[in-house]
Amino acid sequence: MSQVRTNFCRNVCGIHLVQRTAVGNERIRHVPTVGIFPRRVETRKERWFSQLRMAAGTRSMSTEIDPVLRSMHEAIPRLDATKHKGQCGKIAVVGGCEEYTGAPFFAAMTALYAGADLSHVFCGKSASSVIKGYSPDLIVHPYLPDDEGNASGGHGVEEEEIESVSSHCANRVKEWIPKFDCLIVGPGMGRSKAMLATVAKVLPSARQAEIPIVLDADGLFLLTKDLDLIAGYEKAILTPNVVELQRLAHAAGLPHTSPEETACNLSHKLGGVTILSKGPVDFVCCKNSSLSCTEEGSPRRAGGQGDVLAGFVGLFSAWVHTSSADLGQAPRTVVASYSGCVLAREASRLAYARLGRSLTAFEVTKEVGRAMQNKWGNLP
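For the sequence shown, my numbering assigns the number -15 to the initial residue and increments by one for each residue that follows.
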């Protein structure tokens, strides 16, 4: 039997136990101070084989992973030297006005941090320079109309000009739509008549191009005016909070009961559109499929966290619809929506653990990469 020498080193988290044998093998175990038995850690040989598998492009993950997250994991494009820019996702956010420049930034940057190759933002001219100043990684298009009658004056849209201006602005956006893998509509969009009229003209082109559409915030307000804009489009995902869900249910002529029941009824009423109802428990409903997400998140409810979720869901929608992998029985929009809920909550949890009450949506975006690593390991 080989001689074994054991050293102990205590730190604030517990005990590091280091064993070295006569032949030079080494095992390191961490013993939590609250536990009795050490948790098993990979040996040097096991770590070597794990690194070898990763280098070969295979993915290893816990056998206990949520089956829906496992399906989403299969849809995530692998990174290798043969890929070119754009193959891992080209996302567009439609929104951003003079008052709201943070929301489109959070959605677009979340998609980038999660693995999209390109994130575009289509916004009003008054918001474009501000959003460009937030990050050089975003491609910003000042194509949307500015608010009519806003305080700064000089570039508002008069009532009689709304139709012509909205048509002109929509045509500029439509030229880009075939280039994208998903459209996220609503973050920071505002509710000016010219903006709403423009986006109402853009949505049919996105449907015609058959790209996924995620509608949030003021994009949902637009739908309360005309549900036919999205009804029957099975690649659409709506992400209402409690109040927005009530408004959508009222517009559809549905009674508001529990969030889950209301979301499922709304999905049926809209012909298979996926509803992601946000709340203490997130509910994802699409026809006969229903999932609830109770993943631990953050008790801090800072503005912009819903935009982070929209960014996750938008990118995941792009990935599930471009993947040829078998993703199981759940509709692909459900896989994308549920996975977005889990990852957004995990990113919020990590940010809250670091900052507590000082958490902001900007800090949540910084945890996107670590959240994905926690759920899916070191993705190749």
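Where a beta carbon is used, it is the ideal one built from N, C-alpha and C, also for glycine. If you're wondering where the values come from, they're calculated on a predicted model, not measured in any experiment.
Opposing strand residues paired with residue i [DSSP bridges]
{"i": "Ala76", "result": "His104, Leu167"}
{"i": "His125", "result": "Phe106"}
{"i": "Ser261", "result": "Phe267"}
{"i": "Ile197", "result": "Leu167, Ala220"}
{"i": "Leu275", "result": "Val268"}
Cβ-based burial, residue i [other Cβ within 10 Å; buried from 16]
{"i": "Leu366", "result": "With the chain running from -15 to 364 in the structure shown, residue 366 is simply not present."}
{"i": "Lys372", "result": "No answer is possible for residue 372: it lies beyond the span of the chain, which begins at -15 and ends at 364."}
{"i": "Arg333", "result": "buried"}
{"i": "Arg23", "result": "With a pLDDT of 46 at Arg23, under the threshold of 50, the modelled position of that residue is not reliable, and the figure given next carries that caveat. That one is exposed."}
{"i": "Ala368", "result": "Any property of residue 368 remains undetermined from this structure, which presents the chain solely from -15 to 364."}
{"i": "Pro239", "result": "exposed"}
{"i": "Asp130", "result": "buried"}
{"i": "Thr246", "result": "buried"}
{"i": "Glu244", "result": "buried"}
{"i": "Thr258", "result": "buried"}
{"i": "Ala320", "result": "buried"}
{"i": "Lys209", "result": "exposed"}
{"i": "Pro126", "result": "buried"}
{"i": "Lys359", "result": "buried"}
{"i": "Glu143", "result": "exposed"}
{"i": "Val326", "result": "buried"}
{"i": "Arg341", "result": "exposed"}
{"i": "Val265", "result": "exposed"}
{"i": "Gln35", "result": "Model confidence at Gln35 stands at a pLDDT of 48, short of 50, so the residue's coordinates are unreliable; what they give is reported in the following sentence. Result: exposed."}
{"i": "Val227", "result": "exposed"}
{"i": "Ser110", "result": "buried"}
{"i": "Gln357", "result": "exposed"}
Sub-8 Å separation of residue i and residue j beta-carbons
{"i": "Glu279", "j": "Arg338", "result": "no"}
{"i": "Thr94", "j": "Val292", "result": "yes"}
{"i": "Gly79", "j": "Val169", "result": "yes"}
{"i": "Val368", "j": "Ala335", "result": "Nothing about residue 368 can be read from this structure; the chain reaches only from -15 to 364."}
{"i": "Ser301", "j": "Cys166", "result": "yes"}
{"i": "Leu311", "j": "Ser55", "result": "yes"}
{"i": "Cys248", "j": "Cys269", "result": "yes"}
{"i": "Leu128", "j": "Gly108", "result": "yes"}
{"i": "Lys163", "j": "Lys74", "result": "yes"}
{"i": "Glu58", "j": "Ala309", "result": "yes"}
{"i": "Ala190", "j": "Ile161", "result": "yes"}
{"i": "Val186", "j": "Leu206", "result": "no"}
{"i": "Ile214", "j": "Leu260", "result": "no"}
{"i": "Gly255", "j": "Gly216", "result": "yes"}
{"i": "Lys343", "j": "Ser273", "result": "According to the sequence shown, residue 343 is Leu rather than Lys. Contact: no."}
{"i": "Gly99", "j": "Cys72", "result": "yes"}
{"i": "Ala92", "j": "Val77", "result": "yes"}
Nearest-angstrom beta carbon gap, residue j and residue i [assumed within contact, 8 Å]
{"i": "Lys262", "j": "Pro224", "result": "7 Å"}
{"i": "Ala345", "j": "Val52", "result": "Not really, about 25 Å apart at Cβ, beyond 8 Å."}
{"i": "Ser97", "j": "Gly353", "result": "In the sequence on display, residue 97 carries Tyr and not Ser. With a Cβ gap of about 6 Å, Tyr97 and Gly353 count as contacting."}
{"i": "Leu250", "j": "Leu232", "result": "6 Å"}
{"i": "Leu211", "j": "Ala236", "result": "6 Å"}
Contact test: residue i Cβ vs the ligand FAD heavy atom, cutoff 7 Å
{"i": "Pro243", "result": "For the ligand FAD, the structure offers nothing, since it holds no ligand at all."}
Pairing CB atoms from the segment 275 to 289 with CB atoms from the segment 194 to 213, are three or more of them under 8 Å?
no
Stretch-stretch touch, CB-based, cutoff 8 Å, three pairs: the segment 287 to 306 with the segment 197 to 207
yes
Between the segment 305 to 312 and the segment 98 to 107, do three or more beta carbon pairs fall short of 8 Å?
no
Three-pair Cβ contact test at 8 Å for the segment 73 to 90 versus the segment 172 to 191:
yes
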